[in-house]
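Below is one structure; the comments refer to it alone.
In the working numbering, the protein residues as written are -9 to 412.
Now the structure itself:
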């Protein structure tokens, strides 16, 4: 009755996700739950709370994260995304980043001028690198320039990002009501690249280093009556495992290769087990179908040409996906909690329905969905609307929805007991 979106890890190839997500948005597909990890967090935030411009403009701008090819071919490092660590470097970067971000990038000449300027600014950045540091780069200083965290709470649906807490020895999930730039930096603290991030007395690492695809943290999908999950997996592709070209490339593959296997296992496990337990259909965005053999060796490049190509591939894949699953996704969108409540309200039955729900919640033994449905149908009959198919259908969905809403405590106890039994 609702659609969930899972955005996984994967940095240089993240335009695949932004392109596909824009295509789904253009197709009118809405999500009641967005669960993110790693680079998927950035794409999710740009979708849910862009700071500048529209959602479309912001997702399209992910191509600009790439470095002009004439520079990248000589220096294959993305100095625009990864910045030197240390107090002096952070102060230096903060001073320069606003005006650098304002440089025009409307054509190739402007992109080159912007990127070469950023290259020299990065080259002259002071460094505090020493053997005692536990990360090579400072936490991403640019996130507040592209994401408006104050707007995130206005997102019409649940938004989650995952991290790993060292003190708790467990994965943790941050919800939209609490997420700030600090939470983003904590959940993006990939070991070695970034230092573990300190926040509120605890220490965090990137969530996708442990779980590349957070399919349903806290059973968030079933709690929101999600019956279809679309997931973007750009790491679980064995084509990414290849012989490195140089020492730097070998270091990149030392990170990517194990994550590729983790992503494979995560998706296979959820598709065969987790989704069945929650009664959810799982749809994978088929990026691989549109990536040519010639493109695979470049997929992990931070060059502008590669990131632009990946965005186009992502958009094409998303467009084809939306068309292939059009009937199913449109039918599911009609059944979302938001549309269900709106339908009942338009029929003039919203207050009466909520009175029944409130009574059920106060009961020592809350009514099951089937019992709520009978009460709703009785209400419709009393109002002479028992033949209104749209209303009766909406009441049926609402009964399931409200049964879930007052059942978390019992479900939590069951899960806790099951965990102890294991």
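Note that CB positions come from ideal geometry on N, CA and C, so glycine has one too. Predicted model, so just to flag it, every value in this text is computed and none were measured.
(request) Would you kindly report the start and end of the unbroken beta strand (DSSP E) that includes residue 160? (result) Counted from its first residue, the chain shown places residue 160 at position 170. Start and end: 160 to 165.
(message) I need the straight-line Cα distance from residue 320 to residue 17, nearest angstrom please.
(response) Position 330 of the chain shown, counted from the first residue, corresponds to residue 320. Position 27 of the chain shown, counted from the first residue, corresponds to residue 17. Those two C-alpha atoms are separated by around 10 Å.
(message) On a Cα-Cα basis, can you pick out the residue from 198, 182 and 175 that is closest to residue 188?
(response) On the chain shown, residue 188 is found 198 positions in, with the first residue counted as 1. Taking only the C-alpha atoms, the option nearest residue 188 is 175.
(request) May I ask you to report which of helix, strand or coil DSSP gives residue 154? (result) Working through the chain shown from its first residue, we reach residue 154 at position 164. Three-state DSSP puts residue 154 in a strand.
(message) Taking the beta carbon of residue 191 as the centre, do at least 16 other beta carbons fall within 10 Å, making it buried, or is it exposed?
(response) Working through the chain shown from its first residue, we reach residue 191 at position 201. Burial call: exposed.
(request) Just confirm the distance between the C-beta atoms of residue 290 and residue 242, as a whole number of angstroms; I'd bet it's less than 8 Å. (result) Here residue 290 is taken as the residue at index 300 of the chain shown, counted from 1. Here residue 242 is taken as the residue at index 252 of the chain shown, counted from 1. With a Cβ gap of about 6 Å, residue 290 and residue 242 count as contacting.
(request) Report, in whole angstroms, the separation of the C-beta atoms of residue 36 and residue 136, which I expect to be a contact under 8 Å. (result) Mapped onto the chain shown, residue 36 falls at position 46. Mapped onto the chain shown, residue 136 falls at position 146. With a Cβ gap of about 7 Å, residue 36 and residue 136 count as contacting.
(message) Distance check for residue 76 and residue 117, CA to CA, integer angstroms please.
(response) One-based indexing of the chain shown puts residue 117 at position 127. One-based indexing of the chain shown puts residue 76 at position 86. Taking the straight line joining both Cα atoms gives about 6 Å.
(request) Answer yes or no: do residue 0 and residue 29 have a C-beta to C-beta separation smaller than 7 Å? (result) Counting from one through the chain shown, the residue named residue 0 turns up at place 10. Counting from one through the chain shown, the residue named residue 29 turns up at place 39. At a Cβ-Cβ threshold of 7 Å, residue 0 and residue 29 count as neighbours.
(message) Check for me: the beta strand (DSSP E) holding residue 294 runs from which residue to which?
(response) The residue given as residue 294 occupies position 304 in the chain shown. Looking at the DSSP string, residue 294 is not in any beta strand (DSSP E); the run it does join, the alpha helix (DSSP H), is 294 to 314.
(request) Taking only the alpha-carbon atoms, compute the straight-line gap between residue 392 and residue 347 and give it to the nearest angstrom. (result) Within the chain shown, the letter at position 402 stands for residue 392. Within the chain shown, the letter at position 357 stands for residue 347. Roughly 7 Å between the two C-alpha positions.
(request) Within its chain, find whatever has a CB closer than 8 Å to the CB of residue 31; leave out the 5 residues flanking it on each side and keep chain order. (result) On the chain shown, residue 31 is found 41 positions in, with the first residue counted as 1. Residues of the same chain with a CB within less than 8 Å of the CB of residue 31, apart from the 5 flanking positions on each side, are -3, 151, 174, 177 and 178 in chain order.
(request) Kindly indicate which three-state DSSP category residue 9 falls into: helix, strand or coil? (result) Here residue 9 is taken as the residue at index 19 of the chain shown, counted from 1. Helix, per DSSP.
(message) Does the structure place the stretch 232 to 249 close enough to the stretch 48 to 59 that three or more beta carbon pairs sit under 8 Å?
(response) Contact between the stretch 48 to 59 and the stretch 232 to 249 is absent: fewer than three C-beta pairs spanning the two stretches fall below 8 Å.
(request) Quick one: using the 10 Å Cβ neighbour count with 16 as the cut-off for buried, is residue 214 buried or exposed? (result) For the purposes of this step, residue 214 is taken as the residue at position 224 of the chain shown. So residue 214 ends up on the buried side.
(message) Which of the three DSSP states is assigned to residue 261 in this structure?
(response) What you label residue 261 is simply residue 271 of the chain shown in a count that begins at 1. In the three-state reduction of the DSSP assignment, residue 261 falls in the helix class, which pools H, G and I.
(message) Just to confirm my understanding: we take residue 273, look at its own chain, exclude 5 residues before and 5 after, and list those with CB closer than 8 Å. What are they?
(response) For the purposes of this step, residue 273 is identified with residue 283 of the chain shown, where counting begins at 1. Only 218, 219, 220, 221, 311 and 315 meet the Cβ criterion.
(request) Could you check if residue 259 is buried or exposed, using at least 16 other CB atoms within 10 Å of its CB as the buried criterion? (result) One-based indexing of the chain shown puts residue 259 at position 269. Result: exposed.
(request) Express the C-alpha separation of residue 363 and residue 375 in angstroms, rounding to a whole number. (result) Reading the chain shown from its first residue, position 385 is the one you call residue 375. Reading the chain shown from its first residue, position 373 is the one you call residue 363. Distance between the alpha carbons of residue 375 and residue 363: 14 Å.
(request) Provide the residue span of the beta strand (DSSP E) that contains residue -6, from first to last. (result) By 1-based counting over the chain shown, the position of residue -6 is 4. From DSSP, the beta strand (DSSP E) with residue -6 extends over -7 to -3.
(request) List the whole-angstrom C-beta distance separating residue 199 from residue 124, where the pair is believed to meet the contact cut-off of C-beta under 8 Å. (result) Translated into positions along the chain shown, residue 199 becomes position 209. Translated into positions along the chain shown, residue 124 becomes position 134. Incorrect: roughly 15 Å between the Cβ atoms, too far for contact.
(request) Following the continuous alpha helix (DSSP H) through residue 78, name the residue where it begins and the one where it ends. (result) Residue numbering aside, residue 78 sits at position 88 when the chain shown is read from its first letter. Segment 77 to 91, the alpha helix (DSSP H) holding residue 78.
(message) What does the Cβ neighbour count give for residue 244, buried or exposed, with the cut at 16 atoms within 10 Å?
(response) For this step, residue 244 is matched to residue 254 along the chain shown. Using a 10 angstroms sphere on the CB of residue 244, the tally of other CB atoms stays under 16, which defines it as exposed.
(message) For residue 410, which residues in the same chain have their Cβ closer than 8 Å to its Cβ, ignoring the five residues on either side in sequence?
(response) As a working note, residue 410 is residue 420 in the chain shown. At residue 410, the pLDDT of 40 sits below 50, so the modelled position is not reliable; the number obtained from the coordinates is stated separately. Within the same chain, residue 410 has no close Cβ partners at all.
(message) Just to confirm my understanding: we take residue 229, look at its own chain, exclude 5 residues before and 5 after, and list those with CB closer than 8 Å. What are they?
(response) By 1-based counting over the chain shown, the position of residue 229 is 239. Here residue 229 has 278, 281, 286 and 289 as same chain residues with Cβ atoms under 8 Å from its own Cβ, once five neighbours each way along the sequence are excluded.
(request) Could you check if residue 48 is buried or exposed, using at least 16 other CB atoms within 10 Å of its CB as the buried criterion? (result) For the purposes of this step, residue 48 is taken as the residue at position 58 of the chain shown. Per the 10 Å Cβ criterion, buried.
(message) Please classify residue 26 as buried or exposed, where buried requires at least 16 other C-beta atoms within 10 Å of its C-beta.
(response) If you number the chain shown from 1, residue 26 lands on position 36. Residue 26 is buried by the Cβ-count criterion.
(message) Just to confirm before moving on: does the CB-CB distance between residue 413 and residue 87 stay below 7 Å?
(response) This structure does not reach residue 413, given that the chain is present from -9 up to 412, and the question cannot be answered.
(request) Please name the residue, chosen from 149, 138, 104 and 194, that lies closest to residue 159 on a Cα-to-Cα basis. (result) Within the chain shown, residue 159 is the residue found at index 169, counting from 1. Looking at the Cα atoms, 194 is the closest of the given residues.
(message) Check this for me: beta carbons of residue 10 and residue 275, under 7 Å apart or not?
(response) The count along the chain shown starts at 1 and reaches residue 10 at position 20. The count along the chain shown starts at 1 and reaches residue 275 at position 285. Their beta carbons are under 7 Å apart, which means residue 10 touches residue 275 by this criterion.
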